[in-house]
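Only one structure is covered here, and it is reproduced in the block below.
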Amino acid sequence: MPYNEILAIACIASFFVMLFIGVPVALTLAISGFFFGWLGFGTSLFGLLPARIYGVTANYTLIAIPLFVFMGVMLEKSRLADELMEVIGHLSGGLRGGMGLGIVLVGMLMGATTGIVGATIVTLGLLTLPTLLRRGYDKSLSCGAICASGTLGQLIPPSTILILLADILGESVGTLFAAALMPGLLLTVIFCIYMIVVGIISPEKVPAIPLEERRAMPRRELWMKALKVGLPPVGLVLVVLGSIIGGIAAPTEAASMGALGSILVASIAGRFTWKTLVDTVQSTARITAMMFFVLICSQVFALAFRGLGGERLVHDAFAFVPGGTDGILIFMLLIIFVLGFFIEWIEISYIVVPMFLPLMQAAGVDLVWAAALIATVLQTSFLTPPFGWALFYLRGVAPPEVATADIYRGVIPFIVLQLAAVALVFTFPAVATWLPKAIGW
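Structure, rendered in structure tokens:
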């Protein structure tokens, strides 16, 4: 094996070793890339680095990331989920599992408006988990529903995963938003069906809201409250997504509309203050800086890995994978799924996807379909033990009577449901490609 290819393998191996001993991800990427790139080429290889970093940071489309993050943080601080859960719980009436449906639907709506998994899960955990336990809901099921629903924002647009995948794959953001919309809604429906089935098979796990409590709020007042609470965020999502998918506005322009719209929604809710604005801007700056630092450091790693012949090594290795194009895709998704047990979606996106991109292009794979599959599998990385971030977020706010084992047991059925959704999108590509083609993209 040539010396440079040995260095490429060592580069990958050192990345995982440093990651597992606790070195921050961005530094892991940069250290591995600089060290093994220097061993292979000295300093000459990194003469290309400033141009690569400038090319990434000057990408106009990526301006949408801080704007969508701002929109999400502002809506999270407006605390719309408080009243949404109450309204959906009452609307579900005497249906067993109705509060579970409420969690899924609020998680979907918060995911579409905020796109921030941590904020959604913490909010749902604080607001709903004590209530669910008090109503007699099963602890594991409650925890699983909250974790799974909180991750829907990583698939349902506008999603930062899709923006970064669009940059990596060279596709338009609007196309990937359109491609991910149907898989996201499909997954939401699957979660809802699961909650209803649990209500039928094991009604003691998901009891209905007592009749006296439902009668305490008049029907007219309930519907008025539903319109007041649900209409602003739904309207904002429809305006933002509709303007992108309909070709009326570019993603960056739509994101700026969303940021302004989130201020209006918070103002309508009576929760917009100067302190809220300052906190939102600071949170947006921290989140965006973290994402772009990882992005910049990943360029060091990618440049060294490609320079050392890593892409050719990957291509040659996949000559032994059976199944042709489908085999390559399944193997890539399997690697992404396994890596999701240990590292975050940003690192997976900038390490695994660029490795497989030349193979997918050579095989003529529809990259829009591939992006929808990748995003759906990446979503599971938030749920998979032992390092799924959704589990840690909920553990931080769960009541003392909820054990870590309850959370881990609770997410397992939802991981299976997510893998079923991946299988459906893989078997029926039209789930992802129909809407972009219908629009003409």
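Residues 227 to 667 in our numbering are what the sequence shown spells out, letter by letter.
For every residue, glycine included, the Cβ atom is placed at its ideal position computed from N, Cα and C.
Query raised in the report: If you follow the alpha helix (DSSP H) that E430 is part of, which residue opens it and which one closes it?
Result: From DSSP, E430 is part of no alpha helix (DSSP H); its letter is neither H nor E.
Report task. Can you give me the Cβ contacts of G266 inside the same chain, cut-off strictly under 6 Å, excluding the 5 residues immediately before and after it? Result -> N230, L233 and L534
Requested in this report: Mind checking which residues open and close the alpha helix (DSSP H) that includes L274?
Outcome: Where L274 is concerned, there is no enclosing alpha helix (DSSP H), given that its DSSP letter is neither H nor E.
Requested in this report: Please list, in chain order, all residues of the same chain as F652 whose beta carbon is under 7 Å from its beta carbon, the five residues on each side excluded.
Outcome: L599
Query raised in the report: Just checking my contact of T741 with F294 at CB under 8 Å: how many whole Å lie between their CB atoms?
Result: With the chain represented from 227 up to 667, any question about residue 741 goes unanswered, as that position is not in the structure.
Query raised in the report: According to DSSP, is D393 helix, strand or coil?
Result: helix
Requested in this report: Could you check if S428 is buried or exposed, using at least 16 other CB atoms within 10 Å of its CB as the buried criterion?
Outcome: exposed
Requested in this report: Would you kindly check if the distance between the Cβ of L529 and the Cβ of G268 is under 9 Å?
Outcome: no
Requested in this report: State the DSSP-derived secondary structure class of P584, mapped to helix, strand or coil.
Outcome: helix
Query raised in the report: Considering only residues of the region 570-650, which uninterrupted alpha helix (DSSP H) runs meet the minimum length of 4 residues and lie entirely inside it, listed in chain order?
Result: 571-589, 593-606 and 615-623
Query raised in the report: Residue ranges of each alpha helix (DSSP H) run of no fewer than 4 residues wholly in the region 451-507, ordered along the chain?
Result: 477-494
Query raised in the report: Could one say the Cβ of L661 lies closer than 9 Å to chain C's Cβ atoms, at least one of them?
Result: In the displayed structure, chain C is absent; only one protein chain is listed.
Report task. Count the other CB atoms, across all protein chains shown, that sit within 10 Å of the CB of A515; report buried if there are 16 or more and exposed otherwise. Result -> exposed
Report task. Quick one: using the 10 Å Cβ neighbour count with 16 as the cut-off for buried, is D552 buried or exposed? Result -> exposed
Query raised in the report: How far does the alpha helix (DSSP H) with N285 in it reach, from first residue to last?
Result: Here N285 belongs to no alpha helix (DSSP H), and DSSP marks it neither H nor E.
Report task. Would you check if there are 3 or more beta carbon pairs closer than 8 Å linking the region 627-634 to the region 363-376? Result -> yes
Requested in this report: To the nearest angstrom, report how far apart F654 and R497 are at their CA atoms.
Outcome: 44 Å
Query raised in the report: Residue range of the alpha helix (DSSP H) that G298 falls in?
Result: A290 to K303
Query raised in the report: Are I572 and L521 touching if we call contact CB-CB under 9 Å?
Result: yes
Requested in this report: Return yes when the Cβ of I394 is within less than 9 Å of the Cβ of C373, no when it is not.
Outcome: no
Report task. Would you grab the beta carbon distance between I291 and I419 for me? Rounded to a whole angstrom, and I think it's under 8 Å. Result -> Contact doesn't hold; Cβ gap of about 33 Å is too wide.
Query raised in the report: Taking just the CA atoms, how far does F241 sit from A252?
Result: 10 Å
Requested in this report: State the Cα-Cα distance for the pair W698 and V578, rounded to the nearest angstrom.
Outcome: Nothing about residue 698 can be read from this structure; the chain reaches only from 227 to 667.
Query raised in the report: Just reading off the alpha helix (DSSP H) that T254 is part of, what are its end residues?
Result: V251 to F267
Query raised in the report: When the Cβ atoms of the region 473-492 are set against those of the region 243-251, are three or more pairs found closer than 8 Å?
Result: no
Requested in this report: Tell whether a beta-carbon distance below 9 Å holds between L585 and I554.
Outcome: yes
Report task. Report buried or exposed for S469, applying the criterion of at least 16 other Cβ atoms within 10 angstroms of its Cβ. Result -> buried
Query raised in the report: With respect to the alpha helix (DSSP H) encompassing Y229, which residues constitute its N-terminal and C-terminal limits?
Result: Y229 to F246
Query raised in the report: Would you report the Cα separation of F260 and V526, rounded to the nearest angstrom?
Result: 7 Å
Query raised in the report: Helix, strand or coil: which one does DSSP assign to I522?
Result: helix
Query raised in the report: Who are the Cβ neighbours of I416 in its own chain at under 8 Å, not counting the five residues just before and after it?
Result: L643, A646 and A647
Requested in this report: Helix, strand or coil for I387, going by three-state DSSP, please let me know.
Outcome: helix
Query - Residue range of the alpha helix (DSSP H) that includes P662 - result: A656 to I665
Query raised in the report: Cα separation between R322 and R446?
Result: 23 Å
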